[in-house]
Amino acid sequence: MKQTEKLDVILKRLYEFKFDGNRYDIKEIFAKLGCDVTRDEGFALAKRLENEGLIKMIATKEAVFGSITSYGAEYCEVDSYTYAGSAVITNNYEIKIENSPGANIVNQSTNVTINTQVNDIASILTKILTIIDKDDSVDLDKKGVINECAKEIQNNLDVGLVPKFGLKNLLGLVGDISSVSSLALALGQMI
1116 MKQTEKLDVI LKRLYEFKFD GNRYDIKEIF AKLGCDVTRD EGFALAKRLE
1166 NEGLIKMIAT KEAVFGSITS YGAEYCEVDS YTYAGSAVIT NNYEIKIENS
1216 PGANIVNQST NVTINTQVND IASILTKILT IIDKDDSVDL DKKGVINECA
1266 KEIQNNLDVG LVPKFGLKNL LGLVGDISSV SSLALALGQM I
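Reading the sequence shown from the start, the letters are residues 1116 to 1306 in the working numbering.
Right, here's the structure in full:
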């Protein structure tokens, strides 16, 4: 393992426990990865990080302990020793937007997903299909058209898209079926 990679390993591990008030043994960090680092090498790596203000360290005769600083946490979020300009850690964010057609409002961002109630819509769709399948008052031809429309909607939902027109068509098809009226109303409120 290259020295730059070792520096990033220390920072990443200490970042995971940022600001918990504890210090962590540098040798143990590498031991958990199956990598053997001597106390002297751990001291040299930690001292470099401390000199750069990224960690605080305490050394004993047996071990070297470190904890990340606020500046070190910030460094991890934007840079690394191994790949300059790439973060040591990757934060993933989820933004939940009610009643959205799936538009990505986070411009030029990475590791950002937007939850647009796709799961809720899929759940209601499944319930509607189950009820209609058991409802003898709906003729077979209409059930076939509803199932075909539902498949198209589900294909869009599977890729994270909310097909407003498909859902409106489905609502038109099931609007006069009393057994699913409350579900149709709930679905209509989501689009």
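Yeah, the Cβ is synthetic: ideal placement off N, Cα and C, and Gly gets one too.
Per DSSP, which one or two residues make a beta bridge with residue i?
i     : result
G1157 : In DSSP, G1157 forms no bridge with anything.
G1181 : Y1139 and M1172
Look at the alpha carbon of residue i and the alpha carbon of residue j, and state the distance between them as a whole number of angstroms.
i     : j     : result
D1235 : G1187 : 40 Å
R1154 : A1146 : 12 Å
K1242 : L1276 : 19 Å
I1247 : V1274 : 25 Å
L1286 : G1303 : 7 Å
A1161 : E1177 : 14 Å
E1156 : Q1118 : 10 Å
A1202 : E1143 : 23 Å
Going along the chain, which residues of its own chain have a beta-carbon closer than 7 Å to the beta-carbon of residue i, five neighbours each way excluded?
i     : result
C1150 : M1116
A1301 : I1239
L1308 : Because the chain in this structure spans residues 1116 to 1306, residue 1308 falls outside the shown range and cannot be described.
If you follow the alpha helix (DSSP H) that residue i is part of, which residue opens it and which one closes it?
i     : result
Y1130 : Q1118 to E1131
L1272 : L1255 to D1273
T1245 : V1233 to K1249
Apart from the five residues on each side of it in sequence, which residues of its chain come closer than 6 Å, Cβ to Cβ, to residue i?
i     : result
K1133 : I1183 and A1188
Taking 8 Å as the limit between beta carbons, can you name the residues of its chain near residue i, skipping five residues before and five after?
i     : result
G1168 : T1184, Y1186 and G1187
Are three or more beta carbon pairs between the stretch 1135 to 1152 and the stretch 1193 to 1201 nearer than 8 Å? no
Any chance the stretch 1256 to 1263 sits against the stretch 1287 to 1301, with 3 or more Cβ pairs inside 8 Å? yes
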